[in-house]
Structure formats: structure tokens, C-alpha cells
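These notes are about the structure you will find just below.
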Amino acid sequence: MKYVFCLGEVLIDFTSAGELLGGAPLFEQNAGGAPANVACALSRLGTSAYMCAKVGTDMFGSYLRRTLEAEGVNSENLYEDSDAATTLAFVALDKNGERSFAFVRNPGADTRLRFDEVNLQYLRQAAVLHFGTLSLTHEPSRTTLMQAVALARTVGVTTSIDVNLRLRLWENMGLAHAQLHKILPWCDVVKLSCEELNFAFQARSCTDILNRALVPELAVLLMDKYPQIQLLCVTLGSEGSMAFFRSGASRIVNQVEVAAFKVAAVDTTGAGDAFMAGMLHKMLEFAGLEEFLGQGDNMATALQFANACAALCVTKRGAIAAMPYIGEVDFLLKTRRTTDV
7 MKYVFCLGEV
17 LIDFTSAGEL
27 LGGAPLFEQN
37 AGGAPANVAC
47 ALSRLGTSAY
57 MCAKVGTDMF
67 GSYLRRTLEA
77 EGVNSENLYE
87 DSDAATTLAF
97 VALDKNGERS
107 FAFVRNPGAD
117 TRLRFDEVNL
127 QYLRQAAVLH
137 FGTLSLTHEP
147 SRTTLMQAVA
157 LARTVGVTTS
167 IDVNLRLRLW
177 ENMGLAHAQL
187 HKILPWCDVV
197 KLSCEELNFA
207 FQARSCTDIL
217 NRALVPELAV
227 LLMDKYPQIQ
237 LLCVTLGSEG
247 SMAFFRSGAS
257 RIVNQVEVAA
267 FKVAAVDTTG
277 AGDAFMAGML
287 HKMLEFAGLE
297 EFLGQGDNMA
307 TALQFANACA
317 ALCVTKRGAI
327 AAMPYIGEVD
337 FLLKTRRTTD
347 V
């Protein structure tokens, strides 16, 4: 049975839910964390997922364990730390559902995952190791991730990263930039936003919007810099997504772009994770990454599927709670393309 081994943070998102009497903001508790979002989304799509992470010995950690189990995600490797609390993220939403973040993580239990706690048997047998950059902000999780990725590549497990930069969690932008470029040479599949692609080259704030016309040029430059990257996906928000990929031994980078589904966005939390899960789900329909990249129209089909996953996600509040089920995605693909949902 093919499965994705997700390593990294599982945390609590306190998502904006209006105002109390007198104007005080109201937040609702939701389970989240980018790798955990991907794991749960994969499970809802019908792909098995395994979560390796650490939470606090607190009510939030217990809630997250129950959530993963309810979603059908293997959580045998979800550890509890009595000396650190579960990480909390407060997510404020603007009128378009776009987010701003504040974190309680000093340190968070997720940063304390050690390599000797990683189930190496499950890792070696996985089809994909998926992770993000939040594990790179602190030790020991930084070393844990690097060792896990090195092992995965040694035994032929496809490595997948969603860059998912949260600069407020880093000591400084220079460290974030350096760690990003330390992990990228180990990645087969990379997903990032326009802003993160810009950051990869300029080490500037991720709020700096990249001129969309420059995306292909920078994507190819990044793949030339790190030739082991076989698939690079750039999400464009309401404009859709692009994929840049190589087939077989060819060094030529192919490009595919697919428009977004038009939806009324309520909360964009988790949209990138839903997209990522959609791509991995479609990839695992094939024998491996190489076969997936070498089969004609696979990429356009996969991008459309991933875009549908993201579109459905933003129509709901929360992260894990908003991840789409396979039936919802199939229905959207059969009945609508880029029309209103």
C-alpha cells in the first residue's frame, strides 16, 4: 500500500470568527499545521498518510491526536512533550479571506522532535516524505528533518516540500533564506507561492509580490540551480497554478499552467496544503514520480485536480476541517471548470 509520510508541525489554528459585543475579536479553535493538513487531505482523497510530529502534554495536543485519528491518519509517531506546549497560531482574516498570523511558540513542542523518535521503518517504506520549512526554524527539529530527508533520498523515497514560509517564526530573514537553500538540494518535488519564489532569490519579505511574468524565468533558474528538482509547482492564488517539470533524463524544463476555479473565498487557510495533497494524490496513481512526469497530459490533469482541492478548501473556515473529500472534488471537476461555485 502506497502512503505519504508527513513530518513536521501539527498545531492549533485560532481562526478569526467575527467579533464579540464591544468589538473584541472572536477566534475559533481548529486543528492545523501544514504537514498535518496535507496528511488529512490525503486521507480524505483516499491516499494513506502517516504523521510524525510532537505536541504538548496539554488539552490542545489531545485534541490534535483525536483529530488525526478521526481523519484516518496514522498517528503512532505523534509524541507528547511535557516540557513544551503545543504551538498555537492566531489567524486573522480580511474581507477576502486572506490571512495574517501571530504565533505562540516559545518553543513549541513541534520544534523538539528528535530523529531517534522517527519511525525509520515507516519512513523507508513510504512512497513520499512530505515536509515544510517550519521544522527548520529551531533545533532539534532542524537536524531531525535534514537527517530524515537524507535517509529518504538514500533509500529512494520521493522527497516533497511545501516551502510555506512564516518569517515571524525565524530569528531573521537571512537564516530563513540560508535554511531554505540548504534543504532545496534534497527535494524532488517543490511547491511554493509567487512570494516565496521571489524570496528564494532575493531574501526579501514574502509580502513582496513577484511580477507574474517573471515566474517562468525564476522557476527555471531555481531548477537549474538544483537539478535534482523534478517538479516545481507555483501557486498563483485566484489565478491558478503553474508546474515546471523534467521528463526522464531530459534537462529541458516543461511548463503547464491551469486557471483557478472561481469561488467565493471565506478563509484561505490550508489552500496550499489542499493543493499539495491533490498533486501528491494524482502522482501516486502512477508507479512513481518518473512515470507521472513522463505521461503526456498528466500534469494538466493533476494541476486541475489540485486547483479544485484548493478551491473547495477556501470556501470553508479552518484548515483540516476545510480539506475536501474526494467526492466533492470529483463533483466539482465533472460539473464546473473555472465558473462560479
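My numbering applies: residue 7 is where the sequence shown begins, and numbers increase by one. Note that beta-carbon positions come from the ideal geometry of N, C-alpha and C, so glycine has one too.
* Asked: Is C193 helix, strand or coil by DSSP?
  -> Taking the first residue of the sequence shown as 1, we reach residue 193 at position 187. Assignment of C193 by DSSP, reduced to helix, strand and coil, places it in the coil class.
* Asked: With a CB to CB cut of under 6 Å and the five nearest residues on each side skipped, what residues in its chain are close to E34?
  -> Counted from its first residue, the sequence shown places residue 34 at position 28. Closer than 6 Å at the Cβ level, and outside the excluded window around E34, lie T21, A23.
* **The beta strand (DSSP E) enclosing D273, as first and last residue numbers** => Counting from 1 along the sequence shown, the entry for residue 273 is found at position 267. Following the DSSP letters along the chain, one finds D273 in no beta strand (DSSP E), marked with neither H nor E.
* Any idea if L13 is buried or exposed, counting beta-carbon neighbours within 10 angstroms, 16 or more meaning buried? -> Numbered from its first residue, the sequence shown carries residue 13 at position 7. Classification of L13: buried, given that the 10 Å Cβ count is 16 or more.
* **Runs of alpha helix (DSSP H) wholly within the region 109-172 (minimum 4 residues, chain order)** => Those alpha helix (DSSP H) runs which fall completely within the region 109-172 and span 4+ residues are 126-131, 147-160.
* Cβ atoms of M329 and A42: under 8 Å apart, would you say? -> Sequence index remark: in the sequence shown, residue 42 carries index 36 (1-based). Sequence index remark: in the sequence shown, residue 329 carries index 323 (1-based). Not a contact, by the Cβ cut-off of 8 Å.
* Asked: Using DSSP with H/G/I as helix, E/B as strand and the rest coil, what is I18?
  -> The sequence position of residue 18 within the sequence shown is 12, counting from 1. Three-state result, I18: strand.
* Asked: Excluding the five sequence neighbours on either side, which residues of its own chain have a C-beta within less than 8 Å of the C-beta of T307, listed in chain order?
  -> Here residue 307 refers to the residue found at position 301 of the sequence shown. In its chain, beyond the 5 residues on either side, K288 have a beta carbon closer than 8 Å to the beta carbon of T307.
* Asked: On the three-state DSSP scale, how would you describe M65?
  -> Within the sequence shown, numbered from 1, the residue matching residue 65 stands at position 59. M65: helix per DSSP, three-state reduction.
* Give the straight-line distance between the Cα atoms of I397 and V79, rounded to the nearest whole angstrom. => Given that the chain is displayed from residue 7 to residue 347, the structure contains no residue 397 and the question cannot be resolved.
* Distance cut-off 7 Å: R130 Cβ against heavy atoms of the ligand GTP -> Absence of the ligand GTP is noted for the structure shown, with no ligands found whatsoever.
* Rounded C-beta distance between D116 and A91? I'm assuming under 8 Å. -> Translated into positions along the sequence shown, residue 116 becomes position 110. Translated into positions along the sequence shown, residue 91 becomes position 85. Their Cβ separation, rounded to whole angstroms, is 10 Å, which puts D116 and A91 out of contact at 8 Å.
* To do: Take D346 and list the residues in its own chain whose beta-carbon comes closer than 7 Å to its own, dropping the five residues that flank it on each side.
  => Within the sequence shown, the letter at position 340 stands for residue 346. For D346, the pLDDT reaches just 41, beneath the cut-off of 50, and the residue's location in the model is therefore unreliable, although a value from the coordinates is still provided. Closer than 7 Å at Cβ, skipping near neighbours: K268.
* Asked: With 16 as the cutoff for other CB atoms within 10 Å, does I258 come out buried or exposed?
  -> Within the sequence shown, the letter at position 252 stands for residue 258. It is exposed - the Cβ of I258 has fewer than 16 other Cβ atoms within 10 Å.
* Cβ neighbours of A182 in the same chain (closer than 7 Å, five flanking residues each side left out) -> Within the sequence shown, the letter at position 176 stands for residue 182. So the qualifying residues of the chain are L171, L173, W176.
* Asked: Considering S49, what are the terminal residues of the alpha helix (DSSP H) in which it resides?
  -> Counting from 1 along the sequence shown, the entry for residue 49 is found at position 43. Unbroken alpha helix (DSSP H) run through S49: 40-51.
* Asked: Do the region 198-206 and the region 150-164 make contact, defined as three or more Cβ pairs closer than 8 Å?
  -> At 8 Å Cβ cutoff, the stretches do not touch.
* To do: Closer than 8 Å by C-beta to E75: which residues in its own chain qualify, once you throw out the five before and the five after it? Chain order, please.
  => Taking the first residue of the sequence shown as 1, we reach residue 75 at position 69. These residues qualify, in order along the chain: S81.
* Per-residue DSSP class, three states only, for T344 -> Walking along the sequence shown from the start, residue 344 turns up at place 338. Low confidence applies here, because T344 scores a pLDDT of 48, under 50, leaving its location unreliable and the question unanswered by this model.
* Which residues in the same chain as A293 place their Cβ atom closer than 6 Å to its Cβ, once the five residues preceding and following it in sequence are excluded? -> Working through the sequence shown from its first residue, we reach residue 293 at position 287. Apart from sequence neighbours up to five positions away, no residue of its chain approaches A293 with a beta-carbon distance below 6 Å.
* Selected residue, minimal CA-CA separation from S49, among A40, V10, A59, Y69 -> Position 43 of the sequence shown holds residue 49. When only C-alpha atoms are compared, the closest one is V10.
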